[in-house]
Amino acid sequence: MKFLITAFLSCLLCTNVSAQNVGINTSIPVENLQVDSSIKVGKNLALFGAKKNLVKFGDDAFVTIGEEVGDDKMYLRYGTLSLMRSSNSVGNGYMGINTDAPTTTLDINGGLRIRGNGAGVGKTLTSDANGVASWTGPIAFSAIRTGSNQLVNGFQSAPTVFTAMEYETNPGSFSFGPAKFKAPVTGIYHFSGSIAVATQANGNYWRILLSRTGGFNKQFDFNADATTGLSLHFSVDVKMNATDEVVFIFFNGCPNPVNIIYGDEFTFFSGHLIK
Numbered sequence: 003m004k005f006l007i008t009a010f011l012s013c014l015l016c017t018n019v020s021a022q023n024v025g026i027n028t029s030i031p032v033e034n035l036q037v038d039s040s041i042k043v044g045k046n047l048a049l050f051g052a053k054k055n056l057v058k059f060g061d062d063a064f065v066t067i068g069e070e071v072g073d074d075k076m077y078l079r080y081g082t083l084s085l086m087r088s089s090n091s092v093g094n095g096y097m098g099i100n101t102d103a104p105t106t107t108l109d110i111n112g113g114l115r116i117r118g119n120g121a122g123v124g125k126t127l128t129s130d131a132n133g134v135a136s137w138t139g140p141i142a143f144s145a146i147r148t149g150s151n152q153l154v155n156g157f158q159s160a161p162t163v164f165t166a167m168e169y170e171t172n173p174g175s176f177s178f179g180p181a182k183f184k185a186p187v188t189g190i191y192h193f194s195g196s197i198a199v200a201t202q203a204n205g206n207y208w209r210i211l212l213s214r215t216g217g218f219n220k221q222f223d224f225n226a227d228a229t230t231g232l233s234l235h236f237s238v239d240v241k242m243n244a245t246d247e248v249v250f251i252f253f254n255g256c257p258n259p260v261n262i263i264y265g266d267e268f269t270f271f272s273g274h275l276i277k
């Protein structure tokens, strides 16, 4: 009997009951069970309920979840989840999803889905200078001449060589009169094209000039020493910054007029982002 009385008094000393709430190391419990001290759980801890469950850890700026004070930890700080490595731990701070042996900071065994930031069919994930990733679609265009030939007088530039778009993945990046392409993003672009001309022999030249923002030019000269039509082809890679422009210019360096032949198989200007 003395043992039972002693046990009962011990419970009263360490436990307070208030309005059916039980408190351990607190005199005014506000929950069904409130423990104002450390709790050690020897086995599994499960939460069950019809609604979403909440686990609250203190009221400081962050929450630490770890085995021991000096072991690897997971920090929750102002809504941010971070996995840290302790200075005296043999852990590596790696996080694995669907794998228990991650070999890098984030190791995912399975598919990865990233929503937002311009996600869409055929797009690739690229990053800016700060490492912020976003989805980027293919950047490509092809301009052609349709409808009729264009007469270019001697020693003159053609004001408008191309009249229609065969395709353009970034509407608004290409404009006509003169033909001009504005780079949507920084990168290396490949440009190629062809101009078919009907000519007479005069021993002079034609010139195709790609002029980029900042004074960088690519110039292609062709001998106009033919008595029949010629196709003038060019191909070049150009490094461009975002919003840089490349202007296409055709110059007739001959005294005689020359006709630029229409048709997408004869006269076109195309380009695309390489990387």
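The sequence shown lines up with residues 3 to 277 when you count with the numbering used here. We put the beta carbon where it would ideally sit given N, CA and C, even for glycine. Note that this is a predicted model, so its numbers are computed, not measured.
Starting from residue i, trace the beta strand (DSSP E) in both directions and tell me its first and last residue.
i, result
"E247", "247-254"
"T128", "126-129"
"R117", "Premise fails: R117 is in no beta strand (DSSP E) and is neither H nor E."
"S175", "From DSSP, S175 is part of no beta strand (DSSP E); its letter is neither H nor E."
"D109", "108-110"
"Q152", "152-154"
"K241", "232-242"
"T138", "135-138"
"A142", "142-146"
Tell me the DSSP secondary structure of residue i in three-state form.
i, result
"Q36", "strand"
"V163", "coil"
"S29", "coil"
"K45", "coil"
"S272", "strand"
"N90", "Caution is warranted here: a pLDDT of 44 is assigned to N90, below 50, making its placement in the model unreliable, and no coordinate value can be reported."
"E168", "strand"
"V24", "strand"
"N225", "strand"
"I190", "strand"
For residue i versus residue j, is the C-beta spacing smaller than 8 Å?
i, j, result
"N261", "V199", "yes"
"A185", "M97", "no"
"P2", "V249", "As shown, the chain starts at 3 and ends at 277. That puts residue 2 outside it, with no answer to give."
"G273", "F178", "no"
"A160", "Q152", "yes"
"N100", "I116", "no"
"G124", "G139", "yes"
"N254", "N155", "yes"
Assuming the contact rule is C-beta atoms closer than 8 Å, residue i and residue j should be a hit. Round their C-beta distance to whole Å, please.
i, j, result
"F310", "L234", "Because the chain spans 3 through 277 in this model, residue 310 falls outside it and cannot be assessed."
"F251", "L211", "The amino acid occupying residue 251 in the given sequence is Ile; Phe does not appear at that position. With 8 Å as the limit, I251 and L211 qualify as a contact, their Cβ atoms being about 4 Å apart."
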